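Numbers 34 to 506, taken from the numbering used here, label the letters of the sequence shown in order.
All C-beta atoms, glycine included, are put in the ideal place defined by N, C-alpha and C.
Please read all numbers here as calculations on a predicted model, not as lab measurements.
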Amino acid sequence: MSRLIVISNRVAAPRPEGEGGAQGGLAVALSAALREYRGLWFGWSGNVATTFTGKIDFQRHEGVTSATVDLEEQDVDEYYNGYANRTLWPLFHYRIDLAEYDRSFAGGYERVNERFAETVLPLIEPDDLIWIHDYHLIPLGAQLRERGIRNRIGFFLHIPFPPSRLMVSLPFHEGLVLSLLAYDVIGFQTEEWLESFQNYVERELGGHCESDGTVHVGDRSVHAGAYPIGIDYKEFQQAVASEGARVAHDRLLKSADGRHTIIGVDRLDYSKGLTERFEGYRRFLEDNEDCRGEVFLLQIAPPSRGEVHTYETIRESLDELSGRINGEFAAVDWVPIRYVNQGYGREDLAGFYRAAKIGLITPLRDGMNLVAKEYVAAQDPEDPGVLILSRFAGAALQLKDALLVNPYSKEDISDAIRRAIAMPREERIHRWKAMNEVVKREDVVWWRRRFVEALEGSRPPARRQAGDEGRQG
Ligand code: GDG
């Protein structure tokens with residue numbers, strides 16, 4: 034079996050239970066996938082050095098070897114806070130109003146991708162499969178090809194791929210998308226993002242796409258497909274059954290004092306639709322006087338990307354909005370929103386999900402959304418809660434038995450909460466069973482297997498090929 038080299042922006046050391054924090058979905062999913070594989074995970078350490086040295090720090094933890102490098106401050110500003118999080122993240126989440134275009138960002142992005150390529154190069158053996166992740170590292174495959182790497186290289190995009198008409202607002206968009214063609218396999222979370230990519234290829238690059246997923250542009254042919262990511266179902270079941278989860282569950286139930294808990298768990302990010310969610314919940318309180326005092330919204334939102342201005346702004350407006358709603362509706366013995374800016378351990382989260390009658394997950398746009406799947410996995414089969422899910426989350430394509438809502442519509446959110454509260458147990462069980470089956474079957478192992486198999490099958494290993502330079506792009 035070939036080795037697997039995973040490359041992503043950050044390599045997150047698994048955190049000990051009880052130590053909370055906004056560990057992103059990517060980190061959670063990859064540690065789980067790599068645990069079983071003989072491989073290596075390469076990326077930024079998260080540390081900032083005075084100058085970039087390319088010195089690699091190797092660590093081995095729970096069966097996963099990580100290899101990390103420090104970046105210098107300018108790299109972090111231009112590549113990470115700049116191009117990745119101020120240009121690509123908003124654009125790819127359809128927020129061209131928030132996307133910032135700055136040449137220094139684009140320069141920093143190219144530079145860091147080159148630095149990654151130079152640094153990881155000596156670690157690559159001829160038979161290795163290379164799997165590159167996410168919007169931070171789109172050009173890395175092409176950078177490795179330029180340095181003579183002929184291995185099979187796959188790329189997986191964890192976030193949406195924007196429609197062509199939005200993509201063209203990015204300066205030098207062709208270059209970025211063309212660099213994707215250096216990969217052998219390009220994976221998206223859903224058919225929808227795949228279609229946006231195919232549409233771009235046909236409209237802007239004059240390429241054509243076959244029904245088996247092969248994409249042709251000039252003399253390049255690559256495979257593009259939908260590979261929806263899942264959760265580590267087994268691991269999450271263990272978390273749900275743990276003593277920590279039981280304590281957290283009981284603590285929340287006790288403090289709920291007979292009221293229904295509605296739960297939301299999201300990194301504090303404008304793409305997660307928190308403002309719109311609070312407004313929808315406010316509408317519910319306005320329209321359903323009889324329910325006031327009977328429910329509360331527990332919103333867990335650990336801050337992320339604090340150095341980016343739009344994240345400060347969203348934080349301020351949520352502080353203000355939650356305060357206003359609480360001021361407007363609270364009674365001496367009831368607060369409508371418990372808004373918590375702190376992270377929790379996975380066992381705590383599992384217990385909170387299980388104690389909550391409703392999971393309210395309403396991103397404005399989301400590649401997948403693992404919280405929705407975790408909420409489903411945590412439920413009591415005899416008395417499950419109801420998932421209210423944005424139709425604009427990738428997860429909505431798999432979790433069709435959730436109450437699907439338009440996250441921009443206050444009425445939609447309000448009506449769904451009302452419906453969820455009143456939903457009979459039989460219907461809750463029926464919907465939950467269907468969703469749980471999908472979450473269990475299409476888990477993180479299924480996701481990894483499907484992607485890696487596609488990569489393995491994309492062409493014969495590099496060392497057995499002779500004179501095929503033309504295919505290396
Ligand atoms: C990106 C894409 C895609 C959150 N708060 C705490 C905590 N979390 C964990 C959740 C979940 C993960 O973080 C969040 O994953 P999401 O999928 O919801 O969102 P992103 O971070 O935006 O992830 C997304 C994902 O990549 C994977 O491809 O699904 O669309 O945007 O696992 O539980 N974990 C702990 N404490 C917290 O307070 N321990």
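Should the region 273 to 284 be regarded as contacting the region 378 to 394, the criterion being three or more beta carbon pairs within less than 8 Å?
Touching, yes, given that three or more Cβ pairs across the two stretches are closer than 8 Å.
Could you compute how far the alpha carbon of H543 sits from the alpha carbon of L397?
The structure shown does not extend to residue 543, since the chain is modelled only from 34 to 506, so the question has no answer here.
Taking the CB atoms as reference points, tell me whether G263 and G220 lie closer together than 8 Å.
no
For L420: DSSP bridge partner residues:
G392
Quick one, which of R236, R128, A428 has its alpha-carbon nearest S197's?
R236
Is V44 near the ligand GDG, with its Cβ less than 7 Å from a heavy atom?
no
Do L403 and the ligand GDG come close, with the Cβ less than 7 Å from some heavy atom?
yes
Inter-residue spacing [alpha-carbon to alpha-carbon] between R424 and P440:
8 Å
Based on DSSP bridge pairs, tell me the residues matched to F269.
DSSP lists no partner for F269.
If V210 and Y233 are in contact, beta carbons under 8 Å, what's the gap, nearest whole angstrom?
6 Å
With distances taken between CB atoms, is the gap from R452 to L436 smaller than 8 Å?
Contact: yes.
Counting only runs that start and end within the region 281 to 357, where is the alpha helix (DSSP H) found for 4 or more residues in a row?
Uninterrupted alpha helix (DSSP H) stretches at least 4 residues long and entirely within the region 281 to 357 occur at 307 to 320, given in chain order.
Between the CA atoms of V404 and H206 - distance to the nearest angstrom:
31 Å
Report yes if the C-beta distance between G76 and Y116 is below 8 Å; otherwise report no.
No; because the gap between Cβ atoms is not below 8 Å, this pair is not in contact.
What three-state label does DSSP hand S99 in the structure shown?
strand
If I measure Cβ to Cβ from I163 and keep anything under 6 Å in the same chain, skipping five residues before and after, which residues do I get?
I38, N184, I186
Please return the same chain residues whose Cβ sits closer than 6 Å to the Cβ of H282, not counting the five positions on each side in sequence.
G384, R387, A388
The ligand GDG and G115: does the residue's C-beta get closer than 7 Å to at least one heavy atom of that ligand?
no
So H293 packs on I370, CB below 8 Å; how close in whole Å?
Contact doesn't hold; Cβ gap of about 14 Å is too wide.
Could you please give me the residues that DSSP links to G76 through a beta bridge?
T101
V123 versus S337: straight-line alpha-carbon distance, rounded
First, the residue type needs correcting, since residue 123 is Pro and not Val in the sequence shown. Their backbone Cα atoms lie some 14 Å apart in a straight line.
Answer yes or no: do I450 and I295 have a C-beta to C-beta separation smaller than 8 Å?
yes
Y408 CB to nearest heavy atom of the ligand GDG below 7 Å:
no
Taking only heavy atoms of the ligand FAD into account, decide whether any of them is closer than 7 Å to the Cβ of G384.
In the structure on display, the ligand FAD does not appear, and the ligands it does have are the ligand GDG.
How many Å lie between H256 and E486 at the Cα?
12 Å
Have a look at the DSSP bridge pairing and note the partners of G258.
G220
Just verifying my parser: in three-state terms, what is the DSSP assignment at D71?
Per the sequence shown, residue 71 should be read as Arg rather than Asp. Three-state DSSP puts R71 in coil, outside helix and strand.
Please confirm whether any heavy atom of the ligand GDG lies closer than 7 Å to the CB of G400.
yes
Closest by C-alpha distance to A132, when choosing among V145, A150, Y344, R180
Y344
With distances taken from CA atoms, which of E444, I394, L154, G400 is nearest L420?
I394
Is S187 close to the ligand GDG? I mean its beta-carbon at under 7 Å from any heavy atom of the ligand.
According to the sequence displayed, residue 187 carries Gly and not Ser. No, since every heavy atom of the ligand GDG falls outside the 7 Å radius drawn around the Cβ of G187.
Quick check on this structure: which residue in Q332, E312, L67, V44 has the alpha carbon closest to the alpha carbon of H478?
First, the amino acid is wrong: residue 478 is Val here, not His. For the set Q332, E312, L67, V44, the Cα lying nearest the Cα of V478 is the one of L67.
Closest to S35 by CA distance: which of L63, L73, R43 is it?
L73
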